[in-house]
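Visitor:
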Amino acid sequence: KNLKKYYPITGGVFGKEIGVVKAVDDVSFTVKRGETFGLVGESGCGKSTTGRSLLRLIEPTEGEVIFDGVAITALKAEEMRRMRRDMQIVFQDPFASLNPRHTVEKILEEPLIVHGLGNEAQRKQKVREMLEVVGLSSYHATRYPHQFSGGQRQRIGIARALMLHPKLIVADEPVSALDVSIQSQVLNLMQDLQKSLGLTYLFIAHDLSVVRHISDRIGVMYLGRLVELTDSRTLYENPLHPYTRALLSAVPSPDPDAARERIILQGDVPSPANPPSGCTFHTRCPHVTEECRTARPPFKEARPGQFVACHLY
Ligand code: SF4
Ligand code: MG
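Basically the working numbering = 1-based index in the sequence shown + 1138.
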């Protein structure tokens, strides 16, 4: 609810605050139990910061995160630590997120140790079970991260996130670093796990083709703000925001008849340290009007279940 994450920009010899980056600027949305909520946008749009703020791996500047009825932004560190059993993260780069000097067993066992769960034999048993759950084998337990392929490493990252039986997993571009041929295997695994374990996903991606088939609903972010939010079918068939339309036009379609006209956006994403006034998309929007340059469009329900921040609606 009204999530904000601002970073001060410091400069000069005294490191004085000379500005602020609004990485996440008043974002509100709900992730429903058991669904996959896709959060999409170009790099630097604030989607990772949003995902991490939900778990309080980053402390939001303002706003509230409510998980299962509990306002976790108000919890003290120890209460939050306990809460974190229910909410885990899978990172983009499985190699960077796995300690190269630890065996897979040690990596997977760690969350159990941190939370004081089980004795050594029980933990080792649990590690072996979890390796099977993610499609690896128990004999992999004694190996090191470098002995695995990228896809296998991401399976280890997923296994680590599952060790505490969480309810919610924030998956921050979990397949972006993988070969295209491996991506669908990992996505299929994640979908199977969602069904069998009753997981809820916040799935972060930089392009719509990855989230299309796995998301129930999708939020599109631009420069720290949500610009459109609706169910994934509506988003693909009837996108409203000019930015969503441009992103979608870049997604290759297997059906040549359904091929969309490619919308090429002018210029680059502006610096979040100095975002445009009014609608922050106005510097690149093909439909810009005078109003767009001065007034920030409210995020509102333009059609039932379809929220958009644009003066056209
Ligand atoms: Fe384009 Fe204006 Fe809509 Fe922003 S508010 S997306 S500039 S039409
Ligand atoms: Mg990111």
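For each residue, glycine too, the CB sits at the ideal point set by N, CA and C.
Exposed or buried, what is V1252 when buried is set at 16 or more other beta-carbons lying within 10 Å of its beta-carbon?
Guide: It is exposed - the Cβ of V1252 has fewer than 16 other Cβ atoms within 10 Å.
Visitor: Apart from the five residues just before and just after D1163, which ones in its own chain have a Cβ nearer than 7 Å to its Cβ?
Guide: The residues are K1142, G1362 and R1363.
Visitor: Between P1380 and ligand 1, is the CB less than 7 Å from at least one heavy atom?
Guide: Correct: P1380 has its Cβ closer than 7 Å to ligand 1.
Visitor: Name the two residues that bound the continuous beta strand (DSSP E) containing M1225.
Guide: Its beta strand (DSSP E) spans residues M1225 to V1228.
Visitor: Which of the three DSSP states is assigned to E1180 in this structure?
Guide: In the structure shown, E1180 sits in coil (DSSP, three-state: anything other than H, G, I, E or B).
Visitor: Could you give the residue range of the beta strand (DSSP E) that holds T1368?
Guide: Its beta strand (DSSP E) spans residues R1363 to D1369.
Visitor: Check whether chain C comes within 8 Å of Q1260, counting only Cβ atoms and requiring the distance to be less than that.
Guide: In the structure shown, chain C cannot be found, because there is only a single protein chain.
Visitor: Take V1208 as the anchor and find which of H1344, N1376, L1192 and E1200 has the nearest alpha-carbon.
Guide: Looking at the Cα atoms, L1192 is the closest of the given residues.
Visitor: If you check the beta carbons only, do Y1360 and G1189 fall under 8 Å apart?
Guide: Result no, Cβ atoms of Y1360 and G1189 do not sit closer than 8 Å.
Visitor: Apart from the five residues on each side of it in sequence, which residues of its chain come closer than 7 Å, Cβ to Cβ, to V1426?
Guide: H1420, listed in sequence order.
Visitor: Using 10 angstroms around the beta-carbon of V1169, count the other beta-carbons present and answer buried if the total reaches 16, otherwise exposed.
Guide: With 16 or more other Cβ atoms within 10 Å, it is buried.
Visitor: Output the residue ranges of the alpha helix (DSSP H) runs that lie fully inside the stretch 1327 to 1353 and measure 4 residues or longer, sorted by chain position.
Guide: If we require 4 residues or more, the alpha helix (DSSP H) runs fully inside the stretch 1327 to 1353 come out as 1346 to 1350.
Visitor: Give the straight-line distance between the Cα atoms of K1139 and F1229, rounded to the nearest whole angstrom.
Guide: About 24 Å.
Visitor: Mind pulling the beta strand (DSSP E) runs of 3 or more residues that sit fully within the stretch 1283 to 1313?
Guide: Entirely contained in the stretch 1283 to 1313, the beta strand (DSSP E) runs reaching 3 residues are, in chain order, 1306 to 1310.
Visitor: I need the straight-line Cα distance from E1311 to F1205, nearest angstrom please.
Guide: If you take the alpha carbons of E1311 and F1205, they lie about 22 Å apart.
Visitor: With C-beta atoms as the reference, is Q1292 less than 8 Å away from P1232?
Guide: Contact: yes.
Visitor: Could you have a look at G1110 and say whether DSSP puts it in helix, strand or coil?
Guide: In the structure displayed, the chain extends from 1139 to 1451; residue 1110 sits before or after that span and is not available.
Visitor: In chain order, what residues of the same chain lie with their CB nearer than 8 Å to the CB of A1161, ignoring the 5 residues before and after it?
Guide: Contacts found: K1143, Y1144, Y1145, G1184, T1187, G1362 and P1410.
Visitor: Measure from the alpha carbon of I1296 to the alpha carbon of each residue in T1280, D1317, Q1285 and L1274, then state which is nearest.
Guide: Nearest option by C-alpha distance: L1274.
Visitor: Would you tell me roughly how many angstroms separate the C-alpha atoms of I1245 and H1449, rounded to the nearest one?
Guide: Straight-line Cα distance between these residues: approximately 50 Å.
Visitor: What does DSSP give as the partner residues of E1200 in its beta bridges?
Guide: According to DSSP, E1200 bridges with K1142.
Visitor: Which residues mark the beginning and the end of the beta strand (DSSP E) in which F1167 is found?
Guide: First-last for F1167: undefined, no H or E at that position.
Visitor: Let me make sure I understand the geometry here. Which of Q1260, V1313 and P1408 has the alpha-carbon closest to that of I1352?
Guide: Closest by alpha carbon: V1313.
Visitor: For the stretch 1228 to 1290, list the alpha helix (DSSP H) runs that are entirely contained and at least 4 residues long, ordered along the chain.
Guide: Segments of the alpha helix (DSSP H) lying fully in the stretch 1228 to 1290: 1232 to 1235, 1242 to 1252 and 1258 to 1271.
Visitor: For E1216, does the count of other Cβ atoms within 10 angstroms reach 16, so buried, or fall short, so exposed?
Guide: E1216 comes out exposed.
Visitor: Among V1318, G1256 and F1167, which one has its Cα closest to the Cα of G1443?
Guide: With distances taken between Cα atoms, G1443 lies closest to F1167.
Visitor: Within the structure, which residues are defined as neighbours of ligand 1 by a Cβ-heavy atom distance below 5 Å, reported in chain order?
Guide: Those residues, listed in chain order, are P1380, C1417, F1419, H1420, C1423, H1425, V1426, C1430, P1435, C1448, H1449 and L1450.
Visitor: Can you list, in chain order, the residues of its chain with a C-beta nearer than 8 Å to that of I1196? Leave out the 5 residues immediately preceding and following it.
Guide: Taken in chain order, the residues that qualify are K1143, T1187 and R1190.
Visitor: Around the C-beta of S1319, are 16 or more other C-beta atoms found within 10 angstroms, so that it is buried, or is it exposed?
Guide: Result: exposed.
Visitor: Under 8 Å, do T1338 and L1306 count as touching if we go by C-beta distance?
Guide: The answer is yes: Cβ separation under 8 Å.
Visitor: Note the first and the last residue of the continuous beta strand (DSSP E) segment covering A1440.
Guide: Its beta strand (DSSP E) spans residues K1438 to R1441.
Visitor: Can you tell me where the alpha helix (DSSP H) with R1431 in it begins and where it stops?
Guide: Note, R1431: alpha helix (DSSP H), E1428 to T1432.
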